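Numbering (our numbering), first residue to last: 45 to 120.
Just so you know, even glycine gets a beta-carbon here, dropped at the ideal spot from N, CA and C.
What you are looking at is a predicted structure, and each value in this text was computed from that prediction instead of being measured.
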């Protein structure tokens, strides 16, 4: 049986637009998420997938309930 791996990535363009619209810096987002600015930078570049806890915090912080607006799934 083949096991399919699904990765969750941040929708980089959407997040960058939301941060700019809300005037939130990378450092401010990192503080709000309780992660390092480097981790946030990796999320925005698409080189890192957010953990389930970070995904939940990000949705709560930005008040975005629709998972698909903020994240995309990729099989690999």
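| Item | Value |
| --- | --- |
| Rounded separation between residue 75 and residue 60 - CA only | 16 Å |
| Pairwise C-alpha distance: residue 46 and residue 70 | 39 Å |
| For residue 114 and residue 50, believed in contact at Cβ under 8 Å, the rounded distance | Not quite, the Cβ-Cβ distance comes to about 16 Å (not below 8 Å), so this is no contact. |
| Buried or exposed (CB count within 10 angstroms, at least 16 for buried), residue 117 | exposed |
| For residue 52, three-class secondary structure by DSSP | strand |
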